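Residue numbers (the numbering used here): 9 to 457. Virtual Cβ for every residue (Gly too), placed ideally from N, Cα, C. Just so it is clear, the structure is predicted and the values come from calculations on it, not from any experiment. Single-structure report; data block below.
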Ligand SMILES: *Cc1c(COP(=O)(O)O)cnc(C)c1O
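Below you can see the structure in the form of structure tokens.
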């Protein structure tokens, strides 16, 4: 209140509205300057004052309240943290994999100062941007060589541009996917000047189909992870090793857009059937492309591993310069990969969430029930999301609020921090597997009627 008393609160004269500089030095308003900048704060103050000029009876306290409310909504327009109650671990709209705090701290030290990103300290001359991360990738995946670009889509682009321009690429019809964000393989082929040669049917393809499609114009044999869907039933796929054997006979490179990029067998977290990068390398694929922020649990990046001679050709493509990653990504990726080198997987939030025992989640759900009127514990299924393991579901517990009208979800999204849940049949579910125990207090408070 003391702060408000500095302002002239008489409501009889419009000209007696407080001066801009007085408002800017108000404690509650000035606090925003450090985050939003003086110009933004000033603009909001001026806009509120401009409105107040046309209204009589404005008092100073209310004026400050409305300025603060506007500044708060400015903050919300920026990038802010949210509580993920969706149970989707790699939610692309919520930033995919949360990074390991330890990796981030180490990267912070590098990113906030100078570092030897492209400098060879021994030679005192320019070095390779990719040397350190490359060494780790080779060590972990068993591949001969590796390369890094901005994301997996860029990795596919670079591969096609290098090997498939004005050439034919043979792909199974069942793998011509559209991943999220409108990235459709056939369109990317076309953009890269490659001629798509589709073989097989949506559900069945044989080695002989690929063999028949081979020609002197064949640039690549291409495999793609199905990403966000699965095919079941009367299905026949060409095993990667068989395609590799065909490629070797024909002298054509075999490439896989693996997307998901698991570097550890997910069976240890109860998830079956996801091919790891190491497996793809062992099967002999010439190049394998995958994302850094899916099952790897790191920053957005596109990673290519494979045969030395082919990676060398990618490295020589001038397009690489346009796709190169910055020091922050490099630092984060190196630190994330160290977790794999030391096999301390649960240092990565993705695996910590996957490894959380169901009973822990059940107990937390019971805690919510005790504290939030109308809350019930519900057995639900979390999933991975982000274009990975469309079939996999993970047992979990959620806090369920019945007869949750749409208002509740709206109110939770407007909360600070925003809480994003799942609405099904008029019920609200907040899946505890993707909510950290540290967030429980905030969520419980937000759920109070
Ligand atoms: C996710 C995915 C991509 C795109 O990866 P980004 O890193 O998001 O560019 C490409 N291909 C497949 C098969 C994918 O699953």
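Reducing DSSP to helix, strand and coil, say where residue i ends up.
i, result
"residue 348", "helix"
"residue 242", "coil"
"residue 418", "helix"
"residue 455", "helix"
"residue 367", "helix"
"residue 104", "coil"
"residue 409", "strand"
"residue 261", "strand"
"residue 120", "coil"
"residue 389", "strand"
"residue 383", "strand"
"residue 12", "With a pLDDT of only 46 at residue 12, under 50, the local geometry of the prediction cannot be trusted, and the value read off the model is given with reservation. Three-state result, residue 12: helix."
"residue 441", "coil"
"residue 148", "helix"
"residue 153", "strand"
Less than 8 Å between the CB atoms is what I'm expecting for residue i and residue j, so what's the real figure, rounded?
i, j, result
"residue 449", "residue 115", "Actually they do not touch by this definition, with Cβ atoms about 29 Å apart."
"residue 223", "residue 395", "Incorrect: roughly 32 Å between the Cβ atoms, too far for contact."
"residue 438", "residue 406", "6 Å"
"residue 232", "residue 207", "In fact, because the Cβ distance is near 13 Å, the residues do not count as touching under 8 Å."
"residue 306", "residue 446", "At roughly 22 Å, the Cβ-Cβ gap does not stay under 8 Å, so residue 306 and residue 446 are not in contact."
Going by beta carbon distance, what residues of the same chain come within less than 6 Å of residue i, once the five residues before and after it are set aside?
i, result
"residue 128", "135"
"residue 9", "Note that residue 9 has pLDDT 39, beneath the 50 cutoff, so the model's placement of it is unreliable and the number below is only indicative. Cβ within range, chain order: n/a, list empty."
"residue 399", "238"
"residue 79", "40, 52"
Would you mind reading off the limits of the alpha helix (DSSP H) that contains residue i?
i, result
"residue 69", "68-85"
"residue 218", "215-221"
"residue 37", "35-38"
"residue 47", "46-61"
"residue 28", "28-32"
What residues in its chain sit with their C-beta under 8 Å from that of residue i, if we drop five residues either side in the sequence?
i, result
"residue 46", "32"
"residue 186", "192, 193"
"residue 354", "360, 363"
"residue 443", "91, 92, 93, 451"
"residue 200", "165, 168, 169, 172, 173"
"residue 269", "160, 285, 298, 299, 300, 302, 303, 304, 311"
"residue 404", "95, 366, 369, 387, 388, 389, 390, 439, 440, 441"
"residue 211", "182, 239, 241, 242, 243, 244"
"residue 358", "97, 98, 105, 106, 303, 305"
Apart from the five residues just before and just after residue i, which ones in its own chain have a Cβ nearer than 7 Å to its Cβ?
i, result
"residue 318", "261, 294, 295"
"residue 245", "213"
"residue 374", "385"
"residue 154", "142, 145, 146, 311, 312, 313, 319"
"residue 125", "137, 335, 338"
Starting from residue i and walking both ways along the beta strand (DSSP E), at which residues does that stretch end?
i, result
"residue 231", "226-232"
"residue 138", "No beta strand (DSSP E) holds residue 138; DSSP gives it neither H nor E."
"residue 430", "430-432"
"residue 207", "203-207"
- prompt: Considering only residues of the stretch 163-198, which uninterrupted beta strand (DSSP E) runs meet the minimum length of 3 residues and lie entirely inside it, listed in chain order?
  reply: You should have 176-180.
Q. Taking only runs of the beta strand (DSSP E) that begin and end inside the stretch 269-334, which ones reach a length of at least 3 residues, in chain order?
A. For the stretch 269-334, whole beta strand (DSSP E) runs of length 3 or above, ordered along the chain, are 295-299, 310-314.
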